[in-house]
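A short worksheet on the structure shown next.
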Amino acid sequence: QDEEKWDFVLVSNIHEVGSEKEMKRKKFLDELSKKGFTIKKIEDKKLFYGVRAPKQIFRKYQWLLRNPDSRLQNPDVHHDIPVTTRIRIVNFILQNTMTPDLEKLPDLMKKKVFEATFPLHQKEEVREFLKEKWARWRDIFCQQPIEKIRCYFGEKVALYFAWLGWYTYLLGIAAVAGLVVFVAGITVFNSSQVSKEICEASNTIMCPLCDQKCPFWLLSDTCTYAKVTHMIDNEGTVLFAMFMAIWATVFLELWKRQRATVVTNWDLYRWDEEEEELAMELINNLQHEPQQYQHSYFRSTIILLLVLVMIAVLIGIAHALVIYRVVATALFTQSNSELLREQANTMAVMTGAVLHYITIVIMTKVNRHVALYLCDLEKPRTFSQRENNFTVKIFTFQFFTNFSSLIYIAFFLGRINGHPGNYVRIAGKWRLEECHPSGCITDLFIQMAIIMLLKQTISNVMEYLVPWIAHKLRKQQRPRKRRMMLGEEEEAEDPCKRQWLSNYQLNEVNTFSLFDEFLEMVIQYSFTTIFVAAFPLAPLLAFCNNLFEIRLDAIKMMRLRRRMVPRKANDIGIWLQVLEAIGILAVIGNGLVIAITSDFIPMQVYKYMYSPCVTENSTGVDCSTGYINHSLSVFRIQDFEPYTKVPETLPDFVRDEIKEYRDYRNADDYSYTVQFWHIFAARLAFLILFEHVALCVKLIAAWYVPDVPQSIKNQFLDRKHSNLRKELRWVMPQQV
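If you count the sequence shown from 1, position 15 lands on 85 in my numbering, and the numbers rise without skipping.
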């Protein structure tokens, strides 16, 4: 039975006898035979070659990478090598076997000599267990069998699922906190003094929102919007942003502990990847010379410049989205439909968000090609180094793709658009968009909500449906059995044939299959932490998404895809540094959102410097009374630009009456008032204070939670002690 277990299957088209492709294929298979591989050929519509490695290859591996502790006791025992290690070694040898024409398997696959190579999903007990107990929607709230995942897919995949499970588990806490803040916002919905003032401001007339068809309007028209804004923009949000900064740190610290426990149980805590790679190279080819470490400043400079060019392109795309919104607002305000005219701004923001989502989908593909090209320029020494370089580049590109538009809405929208009578215009024609009179934070909320919901619904549905449909279509192409001719005997079908074909019909996997899952989760982690002050529901959405994501990935790996080549690992690699960087960005991002986007600081400045509580010493009133009037500036109609068509005024107005707009400017020359500079100083002071306090708290949390649990340290201590003792016992009798 064991003889019929094949490590790998190579698939090739049926080439003409004597053709170049057939010769190349034969040379490659001959090289494998010289190394002692057993090869079995099965012919169907394609040619299938099963390969099985000789036992001595695995003995060499065990001997080279043996555990020094076990060597002392019994040097001759050959334990059975795990299937995952077996597949990994065979894959390494297949990828690095050189034909006499100096071609390796990846070159042959580019030249279409071979079409596919994959390890088989075997009928193992572990696989059946995982199919039943893990890769099912009904197990959505169950614990994951990490140990079994490791036995079937190797350590790297197991660590991904351990990390994802742990992240989801802790997201639950953040989701509850976010929900509490959101619900608290809804309950104080009507009680806010500021929104009450906006709703009662029925005689405050505001400047038109566009140049042509927009009327003067009353501040009280935006009553509902003001209430919604206060629901997001309140004191609770500041605390929640602080909480999320601490949460991000504690999550990473607890993950480091979790990871230390898991990899110690696997005996991989002190595993050395470089040694493993050198051992595999020597098993494959005894004459192998290791590739030396190299570093070229010239090459690094070129790559840095190219990365900066790419980032500039991505920021340019964000600018294009801004221009789209400006032009869309102008067109919507000129439309004949009253609904479109009134909601022009919101419509522009919503369609802009959908457009942003589409650019994210397209640019993700472009970013991958650019990052791969840059990696090839760098000529990394090993596969893992290449993977690290690629990770950093693609994450940087994806970050700018996803966030540049949000950064604009959060920090620039409404700050750079001038004032009535002197607006900043695009191409001298279109006015830059303004924030809503209730503040910019709602625009950010809408944008975040749309992008997160679209990413989580459409992207996940596509992620499941595309492989599922592809798998069904490949199954359909399976040729029907030929009908028997009279007197023909039916030849017995090879038992391997069916298994190999069913594996071949699954969707192919590549080295980036797991990488894609990680990238998706890390971008989601960025959304959950960086602008969480504007969107307290982000952790809840992420939590619900991840419950499905775990099972979705499991079903894809078990049922829809060929088996992944297992990779050995003792941590999640460079992703940890990426997550730590996001943690620091989250502190900066949330500090900026509260200081700049939110109305929190102007309100505090008003309360403690200009409010009736301070000026009149009256204790009975709400300290934010009068804030709205204080935050408006006046504008004389005759100062409008000639381009602006002054709308017909309401009947009881005088022609030169003063209108208002949201800013802190003097009435005579429209320069900034003292209040503006007060608020500006308060914003800066808050930002510096918030960031320093949050970063100090992060450092304290990181110090407070040790990376490695004491039990693990004690385990290593005992092991060292007993090993030294054994060594002494060998020495002592010889001295006597």
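Every residue gets a Cβ at the ideal spot worked out from N, C-alpha and C, and that includes glycine.
- Per the Cβ contact rule, the segment 524-534 is in contact with the segment 607-626 (3 or more Cβ pairs under 8 Å).
- Excluding sequence positions up to five before and after T421, its CB lies within less than 7 Å of the CB of A398, all in the same chain and listed in chain order.
- Here W773 carries a helix assignment [DSSP, helix/strand/coil].
- Here DSSP, grouped into helix, strand and coil, assigns M276 to strand.
- Bounds of the beta strand (DSSP E) holding P189 are 186-189.
- Counting C-beta pairs closer than 8 Å gives three or more between the segment 469-481 and the segment 588-608, which meets the contact rule.
- Under DSSP, S703 shares a beta bridge with Y731.
- Relative to F482, the option among K542, V494, Q192 whose CA is nearest is V494.
- Counted as a single uninterrupted DSSP element, the stretch harbouring G106 is not any beta strand (DSSP E), since DSSP gives it neither H nor E.
- For G120, the enclosing beta strand (DSSP E) has its first and last residue at 117-122.
- DSSP, read as helix, strand or coil, puts R501 in strand.
- Within the same chain, A349 come within 6 Å of L135 by CB-CB distance, once the 5 residues on both sides are set aside.
- Annotated as distal: L249 and F184, with beta-carbon spacing of 8 Å or more.
- Pairing V763 with P189 gives a Cβ-Cβ distance that is not under 8 Å.
- Secondary structure of Y742 (DSSP, three-state): strand.
- Counting only residues of its own chain and dropping the five nearest sequence neighbours on each side, S454 has a CB closer than 7 Å to the CB of E343.
- Note that the segment 355-374 does not touch the segment 229-248; fewer than 3 beta-carbon pairs, one per stretch, sit closer than 8 Å.
- The alpha-carbon separation between F705 and Y731 amounts to approximately 7 Å.
- Pairing Y131 with I393 gives a Cβ-Cβ distance that is not under 8 Å.
- Assignment of G488 by DSSP, reduced to helix, strand and coil, places it in the strand class.
- Within its own chain, the residues whose Cβ lies closer than 6 Å to the Cβ of I516, once the five positions on either side in sequence are excluded, are V419, listed in chain order.
- Secondary structure at L135: coil, using DSSP grouped into helix, strand and coil.
- Contact between V592 and V648 is confirmed by a C-beta separation of about 6 Å, below the 8 Å threshold.
- Following the DSSP letters along the chain, one finds L172 in no beta strand (DSSP E), marked with neither H nor E.
- In the DSSP assignment, L80 falls within the unbroken beta strand (DSSP E) covering 78-82.
- Annotation: the continuous alpha helix (DSSP H) that includes H426 extends over 414-448.
- If you draw a straight line from the Cα of A480 to the Cα of V657, it comes to about 15 Å.
- The C-beta of Y678 has fewer than 16 other C-beta atoms within 10 Å across all chains shown, which makes the residue exposed.
- Annotation for I387: T429, M433, T471, S474 place their beta carbon closer than 8 Å to its own, counting only its chain and skipping 5 residues before and after.
- Under a 10 Å Cβ-count criterion, G690 is classified as exposed, with fewer than 16 other Cβ atoms of the shown protein chains found around its own Cβ.
- By the beta-carbon neighbour count (other beta carbons within 10 angstroms, threshold 16), F760 is buried.
- In terms of Cβ geometry, R411 and E503 do not form a close pair [threshold 8 Å].
- The beta carbon of F613 is closer than 7 Å to those of T238, L241, G242, A245 in its chain, skipping five residues each way along the sequence.
- Between T299 and I511, the gap from beta carbon to beta carbon is short of 8 Å.
- Using a Cβ distance threshold of 8 Å, V579 and R621 do not count as a contacting pair.
- In the DSSP assignment, no residue is bridged to W570.
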